[in-house]
Amino acid sequence: MIPLKADLPTRTVPFVTFTLIVLNVLIYFFTVSIGPSVNAMFFTHGAIPYKMIHEFTLSGGLPAPVFQSIFTSMFLHAGFFHVGGNMLYLWIFGNNIEDEVGHIRFIFFYLLCGVVAAYSHALVDASSKVPMVGASGAVSGVLGAYILLFPRAKILTLIPIGFFITTVRIPALFVIGLWVVGQLMYAFSSVTGQGGVAWFAHIGGFIAGMILLRYFRRQRPRWQRDFK
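Quick note on numbering that gives the first Met the number 0: the sequence shown kicks off at 0 and runs consecutively.
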């Protein structure tokens, strides 16, 4: 099941969402262009759980490079489907959340969800020296906000049925809810994050989005709230 489009208009142009997508895609193609050197980039600019936890404990705070890597890791991706999947979800769901919270607030909301997501994985697997990369934690925060704000919004979804493929419009509550169930199943079947995916980062980002929404959401007059 692959979501394609949300049937929910926006009042403003979601230029922050567009900018985030462009930045992620451009950085991905840059990493592809440098070939094998990308591994060194991941270890330098990816978020490494061991450093995030142990260097904070030893120094009483995060050294600047480690702190910065938590943010830079959100713009690095390990493959085409990695960046493609994350940007597809950001494209579908990000515009409505940006419209609801405002452009500037959306930047901070997105990044803060990513930080919480990174630490959600780091706390579960604090001994890992494998760098985390990807926007999925921050995007998960967007999904957390979306399921609270627009649970009945219809999502055009691609569904394979045997050898056939069809599209149907499904409520966001079901689409995102099924995604959450999948994350929980994978996470708790691999508590240490084995398999190359930081599942607990997705869960942490999702919960962060649900919690942070109340602090970032703009208050609109009741007559404007007619499309939920």
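Ideal Cβ placement from N, Cα and C applies to all residues, glycine included.
Bear in mind the structure is a predicted one, so any value in this text is a computation, not a measurement.
Hey, quick one: how far does the beta strand (DSSP E) through residue i stretch, first residue to last?
i, result
"T165", "163-170"
"P2", "1-5"
"T156", "153-160"
What distance in whole Å lies between the Cβ atoms of residue j and residue i, which are believed to be in contact at a cut-off of 8 Å?
i, j, result
"P8", "T156", "Incorrect: roughly 19 Å between the Cβ atoms, too far for contact."
"A46", "I69", "5 Å"
"L74", "A134", "Leu is not the amino acid found at residue 74; the sequence shown has Phe there. That pair is a contact at about 7 Å."
"T16", "E97", "5 Å"
"L110", "A207", "Going by Cβ atoms, the distance from L110 to A207 rounds to 11 Å, so no, they are not a contact pair."
"A186", "W178", "Going by Cβ atoms, the distance from A186 to W178 rounds to 12 Å, so no, they are not a contact pair."
"Y243", "F107", "In this structure the chain extends from 0 to 227, so residue 243 is not present and cannot be described."
"M131", "A200", "7 Å"
"P35", "N94", "Not a contact, Cβ separation roughly 36 Å."
"T0", "I158", "Looking at the sequence provided, one finds Met at residue 0 rather than Thr. With a Cβ gap of about 5 Å, M0 and I158 count as contacting."
List the residues that DSSP assigns as beta-bridge partners of residue i.
i, result
"I175", "BP columns for I175 are empty, so no partner."
"A46", "M131"
Got a sec, what are the start and stop residues for the alpha helix (DSSP H) residue i sits in?
i, result
"P64", "63-71"
"D98", "79-100"
"S36", "Looking at the DSSP string, S36 is not in any alpha helix (DSSP H), and its letter there is neither H nor E."
"G143", "135-148"
"A207", "198-215"
Using the beta-carbon count (16 or more within 10 Å), is residue i buried or exposed?
i, result
"G161", "exposed"
"L19", "buried"
"F42", "exposed"
"G192", "Low per-residue confidence applies at G192: pLDDT is 43, beneath 50, and the placement is therefore not dependable, though the value from the model is reported in the following sentence. When all chains shown are included, G192 counts as buried."
"R10", "exposed"
"S188", "exposed"
"G113", "buried"
"V167", "exposed"
"G176", "exposed"
"S126", "exposed"
"L25", "exposed"
"F28", "exposed"
"K227", "Residue confidence for K227 is low, a pLDDT of 47 falling below 50, so the modelled location carries little weight; the figure read from the coordinates is stated next. It is exposed - the Cβ of K227 has fewer than 16 other Cβ atoms within 10 Å."
"K50", "buried"
"Y214", "exposed"
"T30", "buried"
"G203", "buried"
"L22", "exposed"
"D6", "exposed"
"S72", "buried"
"F105", "buried"
Does any heavy atom of the ligand GDP sit closer than 7 Å to the C-beta of residue i?
i, result
"V82", "For the ligand GDP, the structure offers nothing, since it holds no ligand at all."
Quiz item: Between the region 142-151 and the region 168-179, do three or more beta carbon pairs fall short of 8 Å?
Solution: Yes: the two stretches touch, three or more of their Cβ pairs being nearer than 8 Å.
Self-check item: Segment contact, 8 Å Cβ cut-off, at least three pairs: the region 77-85 with the region 111-121
Solution: The region 77-85 is not in contact with the region 111-121.
Quiz item: So, do the region 82-93 and the region 129-141 have three or more beta carbon pairs nearer to each other than 8 Å?
Solution: Yes, since at least three Cβ pairs between the region 82-93 and the region 129-141 fall closer than 8 Å, the two stretches touch.
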